[in-house]
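Structure first, commentary second.
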Ligand code: NAP
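Numbering (the numbering used here), first residue to last: 289 to 776.
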């Protein structure tokens with residue numbers, strides 16, 4: 289069911305469609321709360337109540353953002369770089385404050401929150417330093433007296449972002465977008481509105497023009513009307529495959545470009561000649577990043593049968609040594625999940641996998657304590673048909689799959705709807721590199737290490753993990769008009 293409203297944009301009447309809430313929920317696997325309240329996952333208390341923007345406010349923000357962009361697009365790279373460097377300074381100087389906010393809104397370990405803010409400062413500095421070089425005119429010799437390519441900004445881009453890295457996900461899009469001369473409006477996840485407003489504050493305090501970056505406090509049913517707005521020139525969405533599919537179809541209908549950074553079920557393949565202890569450590573550390581709530585966490589450990597038992601024992605030992613506790617405590621390894629409904633969803637996936645024959649060697653029980661906690665959990669003998677094999681589990685759950693041979697391991701790794709990251713562990717570096725470069729089906733393939741995001745390296749996936757790339761010289765070119773100029 290859709291509700292259509294006629295509104296005026298620059299004097300012209302334009303129909304906007306509002307999705308009915310029931311349709312929104314049927315599109316999405318999680319049953320989401322409609323409120324914009326930030327709820328502390330440690331104790332369920334309300335951190336802050338936020339009122340959603342009205343349709344009129346949404347349209348006003350987009351209008352103002354577009355007006356601001358019309359001036360901003362003519363700014364020089366040097367001017368943009370100065371402001372990005374200022375944003376980096378502000379981030380560093382307010383690191384504690386923003387880390388604390390993330391802890392309150394989504395339960396991130398405060399020590400990890402500080403590292404996240406440092407990384408945001410890095411990406412701002414990185415594009416301040418390199419943006420001009422990446423987007424400078426490229427001359428191409430042809431029959432013309434002069435022919436070349438320029439990279440021109442597109443306009444205001446809508447960013448739809450998730451809660452798991454509430455600052456980093458935004459900055460890794462925003463820094464290159466602003467450096468390229470674009471504007472942006474952000475629809476952040478409903479549980480991290482405080483973070484969304486904090487990012488608006490950072491940009492304002494850094495001296496960016498008013499409205500060049502604005503937060504929209506809206507729920508996901510309102511994303512459609514924003515994408516349809518003629519002043520929105522492109523879209524980027526980081527989130528679940530379901531959300532990506534929905535936004536991509538709307539962007540497609542409106543012939544607008546979209547970049548999709550979606551879910552993953554990264555395969556970490558451990559061959560029989562690997563250093564088993566080191567491989568187990570890397571697999572577990574990657575699995576537990578952000579309490580397991582990372583798109584590029586190691587999610588399926590695929591292990592050759594000769595070392596399977598030894599690997600499982602190593603993993604069990606490391607997982608057992610991890611402490612669950614307050615996210616403010618420096619000694620805590622695993623804090624709460626971001627929301628109780630997400631914790632319950634993980635638990636269902638684990639229980640369903642056990643029902644279908646997986647062995648649960650550790651965890652798998654919701655702890656008898658306040659808060660959205662879930663224990664480190666080890667599932668072995670994971671097989672096709674189980675959620676732990678087929679789906680993304682967004683929590684501290686290690687799924688171990690036995691492979692008969694190297695070929696079998698690679699086959700299992702690739703037999704996934706997802707293709708975000710992958711890793712291979714072997715003492716034969718040449719072989720590892722060949723498998724990473726040529727055989728594993730993912731956007732980022734690591735050898736004897738974990739998958740990561742780094743401003744210098746392109747980041748993104750294939751298959752149902754999405755399309756397009758963020759970061760590096762490639763990411764900054766996603767939202768530009770690659771224009772050919774041909775002079776007779
Ligand atoms: P999510 O539920 O898909 O939400 C992500 C964002 O999309 C939120 O702002 C959400 O708004 C919005 N959204 C949800 N359904 C939508 C719809 N039908 N149409 C338009 N927007 C919609 O994902 P999440 O639970 O926040 O994050 C976890 C997922 O993100 C995992 O699958 C993870 O792997 C993926 N992720 C991928 C990357 C990557 O780089 N590839 C990075 C981080 C996370 P509301 O909060 O208002 O629902």
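Even glycine gets a Cβ: it sits at the ideal position worked out from N, Cα and C.
Using a 10 Å radius around the Cβ and a threshold of 16 neighbouring Cβ atoms, would you call residue i buried or exposed?
| i | result |
| --- | --- |
| residue 414 | buried |
| residue 774 | exposed |
| residue 502 | buried |
| residue 312 | Only weak support is given to the placement of residue 312: the predicted model assigns it a pLDDT of 35, under 50, and the question is left unresolved by the model. |
| residue 341 | buried |
| residue 425 | exposed |
| residue 541 | exposed |
| residue 625 | buried |
| residue 835 | Here the chain covers residues 289 to 776 and nothing more, so residue 835 does not appear. |
| residue 814 | Because the chain here runs from 289 to 776, residue 814 falls outside it and cannot be looked at. |
Over what stretch of residues does the beta strand (DSSP E) that includes residue i continue unbroken?
| i | result |
| --- | --- |
| residue 440 | 434-441 |
| residue 648 | 647-650 |
| residue 481 | First-last for residue 481: 481-494, but that is the alpha helix (DSSP H), not the beta strand (DSSP E). |
| residue 554 | 554-558 |
| residue 366 | Careful: residue 366 lies outside any beta strand (DSSP E), inside the alpha helix (DSSP H) at 365-381. |
| residue 571 | Run containing residue 571: none in the beta strand (DSSP E); it sits in the alpha helix (DSSP H), 564-575. |
| residue 472 | 471-475 |
| residue 712 | 709-713 |
| residue 525 | 520-526 |
| residue 590 | 586-592 |
| residue 264 | Beyond the ends of the chain as shown, which are 289 and 776, falls residue 264; an answer cannot be given. |
| residue 690 | 685-691 |
| residue 668 | 665-668 |
| residue 733 | 732-735 |
| residue 653 | Segment: none, residue 653 is in no beta strand (DSSP E) and carries neither H nor E. |
| residue 446 | 444-448 |
Can you name the start and end residues of the alpha helix (DSSP H) that residue i belongs to?
| i | result |
| --- | --- |
| residue 502 | First-last for residue 502: 501-503, but that is the beta strand (DSSP E), not the alpha helix (DSSP H). |
| residue 549 | Residue 549 -> not in any alpha helix (DSSP H); beta strand (DSSP E) instead, spanning 545-549. |
| residue 418 | 398-422 |
| residue 697 | 694-702 |
| residue 540 | 529-541 |
| residue 638 | 628-643 |
| residue 770 | That residue, residue 770, is in no alpha helix (DSSP H); its beta strand (DSSP E) goes 768-775. |
| residue 358 | 343-360 |
| residue 459 | 456-467 |
| residue 512 | 511-516 |
| residue 676 | 675-678 |
| residue 334 | Looking at the DSSP string, residue 334 is not in any alpha helix (DSSP H); the run it does join, the beta strand (DSSP E), is 334-336. |
| residue 681 | Taken as a continuous stretch (DSSP letters only), residue 681 belongs to no alpha helix (DSSP H), as it is neither H nor E. |
| residue 760 | 760-763 |
| residue 719 | 717-722 |
Tell me the rounded alpha-carbon separation between residue i and residue j.
| i | j | result |
| --- | --- | --- |
| residue 318 | residue 772 | Note that residue 318 scores a pLDDT of 33, beneath 50, so its modelled location is shaky and nothing firm can be said. |
| residue 449 | residue 529 | 13 Å |
| residue 387 | residue 337 | 19 Å |
| residue 627 | residue 582 | 14 Å |
| residue 539 | residue 352 | 22 Å |
| residue 690 | residue 478 | 39 Å |
| residue 370 | residue 466 | 12 Å |
| residue 412 | residue 491 | 11 Å |
| residue 684 | residue 654 | 12 Å |
| residue 699 | residue 506 | 42 Å |
| residue 377 | residue 668 | 46 Å |
| residue 566 | residue 703 | 25 Å |
| residue 322 | residue 339 | Residue confidence is low: residue 322 scores 49 on pLDDT, short of 50, so the model does not pin down where it sits. Its coordinate-derived value is still stated next. So the alpha carbons of these two residues sit roughly 11 Å apart. |
| residue 759 | residue 532 | 19 Å |
| residue 762 | residue 366 | 20 Å |
| residue 560 | residue 461 | 39 Å |
| residue 605 | residue 661 | 20 Å |
| residue 297 | residue 682 | Bear in mind that a pLDDT of 46 at residue 297, under 50, signals an unreliable position, so the model cannot answer this. |
| residue 612 | residue 397 | 11 Å |
| residue 393 | residue 509 | 22 Å |
| residue 453 | residue 712 | 26 Å |
| residue 329 | residue 475 | 21 Å |
| residue 372 | residue 766 | 19 Å |
Rounded C-beta distance between residue i and residue j? I'm assuming under 8 Å.
| i | j | result |
| --- | --- | --- |
| residue 615 | residue 332 | The pair is not a contact, with the Cβ atoms about 14 Å apart (cut-off 8 Å). |
| residue 468 | residue 423 | 6 Å |
| residue 693 | residue 598 | Wrong, their Cβ atoms sit about 17 Å apart, outside the cutoff. |
| residue 500 | residue 410 | Wrong, their Cβ atoms sit about 21 Å apart, outside the cutoff. |
| residue 471 | residue 354 | 7 Å |
If we cut at 8 Å on Cβ distances, does residue i have a partner in chain E?
| i | result |
| --- | --- |
| residue 462 | Any reference to chain E falls outside this structure, which holds one protein chain only. |
Are there three or more Cβ pairs, one per stretch, closer than 8 Å when the region 743-753 is compared with the region 538-554?
yes
Can at least three beta-carbon pairs, one atom from the region 730-745 and one from the region 432-446, be found at a separation below 8 Å?
no
Using 8 Å as the threshold, is the region 630-645 in touch with the region 656-676, meaning 3 or more CB pairs across them?
yes
How about the region 565-580 and the region 473-487: do they share at least three Cβ pairs that are nearer than 8 Å?
no
Below 8 Å, can you find three or more Cβ-Cβ pairs linking the region 510-520 to the region 395-406?
no
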